[in-house]
Structures are given as structure tokens and as C-alpha cells.
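Here's the structure we're looking at; comments come further down.
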Amino acid sequence: MNDKKRAVVFAYHNVGVRCLKVLLAGGVDVALVVTHQDSATENIWFESVISVCEAEGIPYITPDSAKGEGLLAQVKAAQPDLIFSFYYRHMLPAELLEIAPAYNMHGSLLPKFRGRAPVNWAVLHGATEIGATLHEMTVKPDAGAIIAQTAVPILPDDTAHDVFGKVEVAAEITLWRVLPDLLAGAAPRTINDLASGSYFSGRKPEDGRIDWSKPASEVYNLHRAVAPPYPGAFTDIGGHRYIIERARLARRPLPSLPPGLAVVDNAVFGVCGDGRALAITSLLADGAPITPSELSSRLAKATNS
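Note that full-length UniProt numbering has the sequence shown beginning at 1, numbered continuously upward.
Written out as C-alpha cells, the structure is:
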């Protein structure tokens, strides 16, 4: 008799890949994977859940929405004992959650940073710690009881991409440690105290626009939060868009210069409202690298025009 637990898995991105592999290594019978087709308009820097399914011979589908009778019927037909969501981009409706106990992996230490883009928001707010949380799924996002979580540090110069790499590992560790108890129906549950946490919505590329009047620490956190492969922190000057690719907080202040981009001793700086600056080691102009001398010429033309 086959006593393996059957699961339907909603998954995407690196966390989806890692957690799907944990389920397989843990002896779970993955009957169906629901994922996304990669968007032609998105910078795809992450691994493919579809590739894992094809390599492992797992049936998968890529519906446009998590709603609809067709998807509901396919999930029911799989007869899952458990449902998992690992960085799937759509909320699962109540009809799906009623089929079997459902669990989601969220990229923060719930109840902090509930909602979309938790890593980016955590870096933007100067958080020093984040992690991954496996929790029961409810219709309300990231509100179900906490099953397990693992913390990782956010170092002062980590970008969101750096931190996301840590969260991937935290998600894998979290699921691996609790999976035996979860399959045995003996996993612990902790109340998810939403009143003590925080909720954030999604982010848009426009949210990366720099306000140079802000203190350097805030501008630096914005850069770290959206640095490539995310869209990047940017400023528009003279009809050109400049995106900061790499930067650090400058050791010396530049109080004599007005806020904005500047070139000093053949080096690029972003001067902020408190007189401190970002030392920019890689700057993109309309998508292409620009040298300090080229930028200096452009800034002079913009000032004189």
C-alpha cells in the first residue's frame, strides 16, 4: 500500500524550485504543479519550476489565474492530501483552500512584512533581519497560523538580491525541518499576531525614483532595495535616465555640492540632502554604462541649457 502523502503545489521563482525539490526529497507524491509561464517583459534571473517538473516527470499547468472552475476541477481530480504555495503569484481562492490543508512559504518573519515584495520592503526600511515562514493559508494574505520559520541577517551593504539568496536557503531549511511533522499531522502551530506586524503592497518600477533631498541613508536603502536585477533606483536629468547599478555610502561628506549626481576627482557621487553622498561605482545612462567623464560633460550641458 502506498502511504505517501499526495500534494498539489503552486510554485514559481527560486523558492518554488527549492521547496518543490524538498517535497520530492521528503517522499511527497507531487501529483500536480501549478506555475506561471515566464513573461517576455520581465527580467528572468531566477530558476524555472517548469524545468524541474519536466526533469522529474511531474504534470504541470500554467493557468492565467488561480480562479475558475477548470483549475478547481484539476486540483480536485489530483486528490491532494496537502496543498502548498511557494512564491506563486496569485492568491488562492477559498474554493481551492477547502480541498485540503494548505500551506504557504512567505519570505519574511511573519507577522512582519506581510504582503508583496517582503525582501525589498525590509531592505528599504533598513531592517537587519528577515527570514522565511511556513504558515497555514487563509483567504486573508499571510494571516494563517505559523508552522515554522528561519531567520537570516540583512547586512548593512546587502542588496535585496543578496538577501533574497539567503531567504531561498531559509525557505529550504524551514520546510526540510518541519516536513516530517507536517506529513505526520504533528506540526506545531503558533498564532500569527497580525497586530504586532506590518503589511505592504506590491512595488512598481516608478517607486525607484530617487529624492535627493532625503538623507543619504534613505537613498542608499532605496538603492539596495531595488538594485539590479530589480529595476534599480533612478534619476532623470536632461532627458536621460540614470540608474544606479552599484554604490556604497561615501566615507566623506560633500556638503558644498547641491543634491543630485556629481563628478568629483573622476568619481561619481550621488549627493543627498544631509550633505552625505553615495559613492557610485557603476551608473547606467539609458541602460548603458557611462564613465565619470561622460557624465561630467552631460551634467555641464544640462546645467548650461
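Heads up, the beta-carbon is just placed ideally off N, CA and C, and yes, glycines get one too.
*asked:* 9 Å is my cut-off, CB to CB: does residue 26 come that close to chain B?
replied: Structure shown: chain B not included; a single protein chain is present.
*Counting only the same chain and skipping the five closest in sequence on each side, list residues whose C-beta sits under 7 Å from that of residue 269.*
Reading the sequence shown from its first residue, position 269 is the one you call residue 269. Answer for residue 269: 250, 254, 262, 277, 278, 279, 280, listed in chain order.
*Between the CA atoms of residue 294 and residue 110 - distance to the nearest angstrom*: For this step, residue 110 is matched to residue 110 along the sequence shown. For this step, residue 294 is matched to residue 294 along the sequence shown. Looking at the two C-alpha atoms, the distance is approximately 46 Å.
*Tell me, which residues are paired with residue 309 by DSSP?*
The displayed coordinates of the chain run from 1 to 305. Any statement about residue 309 would go beyond what the structure contains.
*Smallest Cα separation from residue 62: which of 196, 148, 46, 37?*
Numbered from its first residue, the sequence shown carries residue 62 at position 62. Nearest option by C-alpha distance: 37.
_Coarse secondary structure for residue 237, derived from DSSP in three states_ = Reading the sequence shown from its first residue, position 237 is the one you call residue 237. In the three-state DSSP reduction, residue 237 falls in the strand class (E or B).
*Go ahead and pull the three-state DSSP assignment for residue 220.*
Residue mapping note: residue 220 aligns to position 220 of the sequence shown, counting from 1. Judged by DSSP in its simplified three-state form, residue 220 adopts helix.
*Determine the closest residue to residue 180 out of 27, 7, 76, 274, with distance taken between C-alpha atoms.*
For the purposes of this step, residue 180 is taken as the residue at position 180 of the sequence shown. For the residues 27, 7, 76, 274, the minimum Cα distance to residue 180 belongs to 27.
*Apart from the five residues just before and just after residue 241, which ones in its own chain have a Cβ nearer than 7 Å to its Cβ?*
Counting from one through the sequence shown, the residue named residue 241 turns up at place 241. The answer, listed in chain order, is 234, 286.
_Residue span of the beta strand (DSSP E) that contains residue 252, given as start and end_ = Counted from its first residue, the sequence shown places residue 252 at position 252. Here residue 252 belongs to no beta strand (DSSP E), and DSSP marks it neither H nor E.
_For residue 54 and residue 174, the rounded distance between their alpha carbons_ = Working through the sequence shown from its first residue, we reach residue 174 at position 174. Working through the sequence shown from its first residue, we reach residue 54 at position 54. So the alpha carbons of these two residues sit roughly 25 Å apart.
*In whole angstroms, what separates the C-alpha of residue 75 from that of residue 128?*
Translated into the one-based positions of the sequence shown, residue 75 becomes position 75. Translated into the one-based positions of the sequence shown, residue 128 becomes position 128. Cα-Cα distance, rounded: 39 Å.
*State the Cα-Cα distance for the pair residue 135 and residue 238, rounded to the nearest angstrom.*
Translated into the one-based positions of the sequence shown, residue 135 becomes position 135. Translated into the one-based positions of the sequence shown, residue 238 becomes position 238. Those two C-alpha atoms are separated by around 49 Å.
*What is the DSSP secondary structure of residue 79, counted as helix, strand or coil?*
As a working note, residue 79 is residue 79 in the sequence shown. Coil.
*Give me the Cα-Cα distance between residue 169 and residue 14, rounded to the nearest whole angstrom.*
In the sequence shown, residue 169 corresponds to position 169, counting from 1. In the sequence shown, residue 14 corresponds to position 14, counting from 1. One C-alpha to the other measures close to 10 Å.
_In whole angstroms, give me the CA-to-CA distance for residue 191 and residue 290._
Numbered from its first residue, the sequence shown carries residue 191 at position 191. Numbered from its first residue, the sequence shown carries residue 290 at position 290. In this structure, the CA atom of residue 191 is about 51 Å from the CA atom of residue 290.
*Distance, Cα to Cα, residue 146 vs residue 288?*
Numbered from its first residue, the sequence shown carries residue 146 at position 146. Numbered from its first residue, the sequence shown carries residue 288 at position 288. Going from the Cα of residue 146 to the Cα of residue 288 covers about 45 Å.
*Element boundaries [alpha helix (DSSP H), containing residue 278]*: Within the sequence shown, numbered from 1, the residue matching residue 278 stands at position 278. Residue 278 -> not in any alpha helix (DSSP H); beta strand (DSSP E) instead, spanning 277-285.
*With DSSP as the reference, label residue 9 as helix, strand or coil.*
As a working mapping, residue 9 is identified with position 9 in the sequence shown. Three-state result, residue 9: strand.
*Beta carbon of residue 86 nearer than 9 Å to that of residue 187*: Here residue 86 refers to the residue found at position 86 of the sequence shown. Here residue 187 refers to the residue found at position 187 of the sequence shown. Not closer than 9 Å, so no.
*Determine the DSSP secondary structure at residue 85, reduced to helix, strand or coil.*
The sequence position of residue 85 within the sequence shown is 85, counting from 1. Of the three classes helix, strand and coil, the one that applies to residue 85 here is strand, per DSSP.
*If we count the other Cβ atoms within 10 Å of its Cβ and call it buried at 16 or more, is residue 166 buried or exposed?*
Within the sequence shown, the letter at position 166 stands for residue 166. By the neighbour-count rule (16 or more Cβ atoms within 10 Å), residue 166 is buried.
*residue 174 lies in the alpha helix (DSSP H); which residues open and close that run?*
Taking the first residue of the sequence shown as position 1, residue 174 is located at position 174. 160-183 is the extent of the alpha helix (DSSP H) around residue 174.
_Please classify residue 258 as buried or exposed, where buried requires at least 16 other C-beta atoms within 10 Å of its C-beta._
In the sequence shown, the residue the question calls residue 258 occupies position 258. Its Cβ having fewer than 16 others within 10 Å, residue 258 is exposed.
*Whole-angstrom distance between residue 139 and residue 93, CA atom to CA atom*: By one-based count along the sequence shown, residue 93 stands at place 93. By one-based count along the sequence shown, residue 139 stands at place 139. Put simply, the backbone Cα of residue 93 is about 6 Å away from that of residue 139.
_Which residues does DSSP list as the beta-bridge partners of residue 269?_
Sequence index remark: in the sequence shown, residue 269 carries index 269 (1-based). 262, 279, per the DSSP bridge assignment.
*How is residue 207 classed by DSSP in three states: helix, strand or coil?*
Position 207 of the sequence shown, counting from 1, holds the residue named residue 207. DSSP places residue 207 in helix when its eight states are reduced to three.
*Hey, residue 219 and residue 160: beta-carbon distance below 9 Å or not?*
Along the sequence shown, read from residue 1 onward, the residue named residue 219 stands at position 219. Along the sequence shown, read from residue 1 onward, the residue named residue 160 stands at position 160. Residue 160 sits away from residue 219, with the two beta carbons spaced by 9 Å or more.
*DSSP puts residue 274 in a beta bridge; with which residues?*
Position 274 of the sequence shown, counted from the start, is the residue given in the question as residue 274. DSSP lists no partner for residue 274.
*Please state whether DSSP places residue 57 in a helix, a strand or coil.*
Taking the sequence shown and counting its residues from 1, the one referred to as residue 57 is at position 57. Three-state DSSP puts residue 57 in coil, outside helix and strand.
*Classify residue 74 as helix, strand or coil using the three-state DSSP reduction.*
Along the sequence shown, read from residue 1 onward, the residue named residue 74 stands at position 74. Residue 74: helix per DSSP, three-state reduction.
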